[in-house]
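So the number in the numbering used here is just where the residue sits in the sequence shown, counting from 1, plus 162. For reference, the structure discussed in these notes is given below.
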Amino acid sequence: MSKNAAFIPSFRFKIAVRLALVLLCVSSSLVFSDISWGKKPTREEIRNLIEKLNTNDEWDRDKTIEKLKKIGEDAVPFLVKVALDDESLFMRIGVKEVLIDSDYEIAGNELIIALEDTDIRTRRRAIKWFSEWLSKRSWNIKSKYLYIVPKLTKLLDDKNSSVRSSAAYALWSMGEKIAPDDEVITALTKRLNDDKDNSVRSNAAGALGSMGEKAATDDEVITALTKRLNDDKDDLVRSNAAGALWSMGETAATNEVITALTKRLNDDKDDLVRSNAAGALGSMGKKAATDDEVITALTKLLNHKDDSVRRNAAGALGSMGEKA
């Protein structure tokens, strides 16, 4: 080729040049971003980035959340502190999105430490956040945190009702997988029997219903649930008591329980209570199916105005088969 000949770039050369330009642009954007990939972020950089969550601009918040997720474990202690202490709802919601998706065990450890904080609000938030964080984890990770159960059991006696309620709810969300022992069952039953706060009794009832055979074969549990079903003035407590008996099924099918559930079908003004009572009777097999009053009460509800009540009444009669 002569020295004066024009240089004609090859196809491969053009591609190489374009790739080089793309890489240059990407690397430049990283250099000037809040947190670069080239170095570990400082504590101040992490704090500044978390502060950017305090905005109602969803686009900006989403970008900040993604940046925090990329930082990983180094950001967790700062995120947990914001989750437990910050007054800004935007900040707490943004931090929640980062933490809930995190598999870092340090998040769970930080939240467990906060369970014993002297501040009531911090204890309550720590319980709530831990149970939500744990619900997203695989059981391999969950099993490492079973030592929290005694801590939650202790918090059922906390002087603050919202802490007691949160502790009962956390145990409810963990359910039978925690292999509940006598201490847990006894503590929840005490809350169900004696607590003056409606939400504590309600969550305690739900928790006992989730504890499997250990609770279903405990006479004191069945007695407490039946008493709440008969006497409690709060609709949700009665509803969760019926729901707990529903999950226990035939194991809980005493004459007293069946009578109490049938009374709820006939007399309760709350549709959810009636619906759960119908479901509970349907789960109790032959013992409920041979009771004429049960069949009569369920049949009446087939024309109830509430769809859930009608559906569970029909389901209960269907499960009883020829007996109904």
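Just so you know, even glycine gets a beta-carbon here, dropped at the ideal spot from N, CA and C.
Just the Cα atoms here: how many angstroms apart are residue i and residue j?
i	j	result
LEU186	LYS229	Note that LEU186 scores 47 on pLDDT, short of 50, meaning its location in the model is unreliable; the coordinates nonetheless yield the value given after this. Computed Cα separation, rounded: 21 Å.
ALA332	LEU314	8 Å
LYS448	ALA442	13 Å
PRO239	LEU215	16 Å
GLU207	SER297	30 Å
ASN438	GLY405	5 Å
GLY374	ASN365	16 Å
GLY411	ILE227	44 Å
ASN417	ILE310	37 Å
LYS389	THR351	11 Å
ALA377	ILE347	7 Å
ALA369	PRO312	15 Å
ASP359	PHE292	22 Å
VAL242	ARG286	13 Å
SER300	GLU272	19 Å
SER481	ALA440	11 Å
GLU278	VAL325	11 Å
ARG254	ALA276	16 Å
ALA128	ARG472	For the chain, the structure presents residues 163 to 486; residue 128 sits outside this window and is missing.
For residue i, which option in the options has the closest C-alpha, if you only look at C-alpha atoms?
i	options	result
THR458	ILE282, PHE292, LYS449 and ASN428	ASN428
ALA367	ILE212, LYS467, SER401 and GLU345	SER401
THR280	ALA415, VAL257, ASN322 and ASP381	ASN322
LEU460	GLY444, VAL257 and LYS467	GLY444
GLU249	GLU259, THR284, LYS395 and LEU464	THR284
VAL435	GLU338, TRP301, HIS466 and LEU391	LEU391
LYS202	LYS232, TRP221 and GLU213	LYS232
LEU479	VAL471, ASP469 and ALA451	ALA451
MET336	ASP469, ARG426, ASP453 and LYS306	LYS306
ASP222	LEU246, ALA245, ASP247 and GLY256	GLY256
LEU398	ARG426, VAL419, ILE420 and THR421	ARG426
ASP454	ALA476, THR421, ALA330 and LYS339	THR421
MET446	LYS462, THR379, ALA476 and SER409	SER409
Since I believe residue j is in contact with residue i (beta carbons under 8 Å), could you give me their beta-carbon distance rounded to a whole number of angstroms?
i	j	result
SER327	VAL362	5 Å
ASN218	PHE252	6 Å
ILE262	GLU294	6 Å
LEU387	ARG353	Not quite, the Cβ-Cβ distance comes to about 12 Å (not below 8 Å), so this is no contact.
SER470	ASP433	7 Å
ALA349	ILE289	Not a contact, Cβ separation roughly 15 Å.
What's the call for residue i, buried or exposed, on a 16-neighbour Cβ count within 10 Å?
i	result
ARG205	exposed
ALA269	buried
ALA341	exposed
GLY234	exposed
ASN474	buried
LYS467	exposed
ASP224	exposed
GLY483	exposed
LEU464	exposed
ASP357	buried
Look at the Cβ atom of residue i, then the Cβ atom of residue j, and state whether they are nearer than 8 Å.
i	j	result
VAL456	THR413	no
VAL244	ILE282	no
Does chain B have any CB closer than 8 Å to the CB of residue i?
i	result
SER335	Structure shown: chain B not included; a single protein chain is present.
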